[in-house]
Amino acid sequence: MNFEHILFHIDSGVATLRLNRPKQLNSFNLKMHGEVREALKQVRQSAEVRALLLTGEGRGFCAGQDLDDRNVAPGAEMPDLGESIEQHYNPLIRQLRDLPMPVICAVNGVAAGAGANIAFACDLVLAARSASFIQAFCKIGLVPDSGGTWTLPRLVGMARAKALAMLGERISAEQAERWGMIWRCVDDEALQDEALELARHLATQPTTGLALIKRALNASAGNTFDQQLDLERDLQRLAGRTEDYREGVGAFKEKRTATFKGC
877 MNFEHILFHI DSGVATLRLN RPKQLNSFNL KMHGEVREAL KQVRQSAEVR
927 ALLLTGEGRG FCAGQDLDDR NVAPGAEMPD LGESIEQHYN PLIRQLRDLP
977 MPVICAVNGV AAGAGANIAF ACDLVLAARS ASFIQAFCKI GLVPDSGGTW
1027 TLPRLVGMAR AKALAMLGER ISAEQAERWG MIWRCVDDEA LQDEALELAR
1077 HLATQPTTGL ALIKRALNAS AGNTFDQQLD LERDLQRLAG RTEDYREGVG
1127 AFKEKRTATF KGC
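Each number in our numbering comes from the position in the sequence shown (counting from 1) with 876 added on.
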């Protein structure tokens, strides 16, 4: 499938999805939503893909919603933003969180509004030193969406989450790393290479086990301790029946490098 607003390819077990509306700082319109949704569908269905790398083209990662794609002119009927979230942003966030593989995000520039929260929905986030994160919703009278009101308190605590959401201050990549919002801040020129190296490494690992780790951690916020213990038991049962577990134990005993197949 030919895409207009994203760049998408698969190589060495890694699917790379690059948002490609650089003049608009990769902000989302309806067509880009559809293309991202289709690419993520291909990622999930492909037996070849074992890790996803999400990044942006140009000087920004994603500025959230393209406001030019909405009509809020005086006298015009106001759009139903809840419908937009239900039809587009919520499915996108759910697709990213539910992918049975590691999702790496390389934030190459500003990540604002939904763009910031899309990054936070990924598993491992690297950001260029010049990148920044902004909960810009309050600047136009809106509420953080794309999971932001759930993710932010869990990343930085309620006090900082409220300040970020109500003040809309720009947070540098270095500060985001210090606060635990992202995994790592790296030099601009090293970002793409480091992110791709990380994705390629993860694609060689026991990715079924990694998917189960992701599933357990994502479930932990809504579980009691006893429920989480039961979930760990159930997921460990699944992990212990994989060929990768057999290979990992065999490689350990034979003192050789394991060759994992993701199954």
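Backbone N, C-alpha and C fix where the C-beta goes; we use that ideal spot for every residue, glycine too. A quick note: this is a predicted structure, and the numbers were derived from the prediction, not measured.
Proximal residues to residue i (C-beta, below 7 Å), its chain only, five neighbours per side dropped
i, result
"G1044", "I1010, Q1011, A1012, C1014, K1015"
"E933", "L883, R894, L895, N896, P898, N902"
"H885", "T892"
"A1097", "R1030"
"L1107", "A1092, A1095, N1099"
First through last residue of the beta strand (DSSP E) which encompasses residue i
i, result
"H909", "Segment 906 to 921 is the alpha helix (DSSP H) holding H909; no beta strand (DSSP E) there."
"A987", "986 to 988"
"C981", "979 to 983"
Other residues of its chain near residue i: CB distance less than 8 Å, five sequence neighbours each side excluded
i, result
"V1062", "L1002, A1003, A1004, R1005, E1070"
"K1137", "E1119, D1120, E1123"
"V890", "V925, R926, A927, L928, L929, L1072, A1075, R1076, A1079"
For residue i, the three-state DSSP class (helix, strand or coil)
i, result
"E928", "Inspection of the sequence shows that residue 928 is occupied by Leu rather than by Glu. Strand."
"Q1068", "helix"
"L1043", "helix"
"I1058", "coil"
"A1134", "coil"
"A891", "strand"
"M998", "In the sequence as presented, Met is not what sits at residue 998; that position holds Cys. Note: C998 maps to coil in three-state DSSP."
"G936", "strand"
"F879", "coil"
"A992", "helix"
"A952", "coil"
Burial state of residue i (16 or more Cβ within 10 Å)
i, result
"Q941", "buried"
"P978", "buried"
"E911", "buried"
"F1100", "It should be noted that the sequence gives Thr, not Phe, for residue 1100. Per the 10 Å Cβ criterion, exposed."
"L968", "buried"
"F1128", "exposed"
"A952", "exposed"
"P950", "exposed"
"C1139", "exposed"
"S922", "exposed"
Own chain, CB closer than 6 Å to residue i, minus 5 neighbours either side, in chain order
i, result
"L1111", "L1088, A1092"
"Q900", "D942"
"Q1104", "S1096"
"A1049", "A1003, R1005, A1007, C1061"
"F879", "E911"
"L1156", "Lying outside 877 to 1139, the shown extent of the chain, residue 1156 is not represented and no answer is given."
"R935", "G985"
"H964", "H909"
Residue i, enclosing alpha helix (DSSP H) - first and last residue
i, result
"S1008", "Element bounds for S1008: not the alpha helix (DSSP H) but the beta strand (DSSP E), 1008 to 1010."
"G1024", "1024 to 1032"
"I969", "966 to 974"
"E959", "957 to 960"
Within-8 Å CB hit, residue i to chain B
i, result
"R973", "Of the protein chains in the structure, only one exists, and it is not chain B."
Self-check item: Residue ranges of each alpha helix (DSSP H) within the stretch 1081 to 1124, 4 or longer
Solution: 1083 to 1096, 1101 to 1115
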